[in-house]
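Heads up: the structure comes next, in structure tokens.
The structure is reproduced here in structure tokens:
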């Protein structure tokens, strides 16, 4: 685990998360079977809307670490919603894997040559996203602190405000 912390410090982990999210939002509109982008399908807008929670969490973590602030209930609630968003990420992993495994079902059809390479790239990015999210949650625990609201007033440093 220490090697991961050296390779991906908290800033790099946030940058990598943003880059992966942006790539996956773009690939969410891409049809692997047809090699076209579909911007008019309402289903394609679910992932970008759900990803807003992830972007918000990354911003809050960045802000709290740079300003050396303590965790608050709003941050905790955003993190709990991010845990629910992880279920969508798992669904997208399974969905992409099923699409890739259905390659042999369409032997009689013309499938673009980009099907396997882009499918593997999208699957890799979908697998990487929850790992980066969990890494950012770990950095929140290390740099910002755990959620301890029973003695919240005792932990506040009034002299630095």
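Residue numbers (the working numbering): 2 to 162.
All C-beta atoms in this analysis are idealised placements derived from N, C-alpha and C, irrespective of residue type, glycine included.
Between the CA atoms of residue j and residue i - distance to the nearest angstrom
{"i": "residue 51", "j": "residue 90", "result": "10 Å"}
{"i": "residue 77", "j": "residue 148", "result": "7 Å"}
{"i": "residue 143", "j": "residue 7", "result": "14 Å"}
{"i": "residue 129", "j": "residue 109", "result": "33 Å"}
{"i": "residue 57", "j": "residue 5", "result": "23 Å"}
{"i": "residue 106", "j": "residue 64", "result": "48 Å"}
{"i": "residue 31", "j": "residue 71", "result": "40 Å"}
{"i": "residue 80", "j": "residue 48", "result": "17 Å"}
{"i": "residue 122", "j": "residue 29", "result": "12 Å"}
{"i": "residue 111", "j": "residue 69", "result": "56 Å"}
{"i": "residue 124", "j": "residue 24", "result": "12 Å"}
Coarse secondary structure for residue i, derived from DSSP in three states
{"i": "residue 38", "result": "strand"}
{"i": "residue 120", "result": "helix"}
{"i": "residue 6", "result": "helix"}
{"i": "residue 90", "result": "helix"}
{"i": "residue 104", "result": "helix"}
Environment of residue i [buried if 16+ CB atoms lie within 10 Å]
{"i": "residue 103", "result": "exposed"}
{"i": "residue 15", "result": "buried"}
{"i": "residue 167", "result": "Because residue 167 is not part of the residues shown, which for the chain are 2 to 162, the question remains open."}
{"i": "residue 141", "result": "buried"}
{"i": "residue 75", "result": "exposed"}
Residues near residue i in its chain [Cβ-Cβ closer than 6 Å; skip 5 each side]
{"i": "residue 87", "result": "131"}
{"i": "residue 101", "result": "120"}
Beta-carbon proximity list for residue i, same chain, < 8 Å, skipping 5 on both sides
{"i": "residue 83", "result": "54, 55, 58, 134, 138"}
Other residues of its chain near residue i: CB distance less than 7 Å, five sequence neighbours each side excluded
{"i": "residue 146", "result": "71, 72"}
{"i": "residue 93", "result": "48, 127"}
Do three or more CB pairs link the segment 92-101 to the segment 6-21 at distances below 8 Å?
no
For the pair the segment 3-17 and the segment 129-149, tell me if three or more CB-CB distances fall below 8 Å.
Counting Cβ pairs under 8 Å, three or more are found: they touch.
Would the segment 111-121 count as touching the segment 27-36 if we require 3 or more Cβ pairs under 8 Å?
yes
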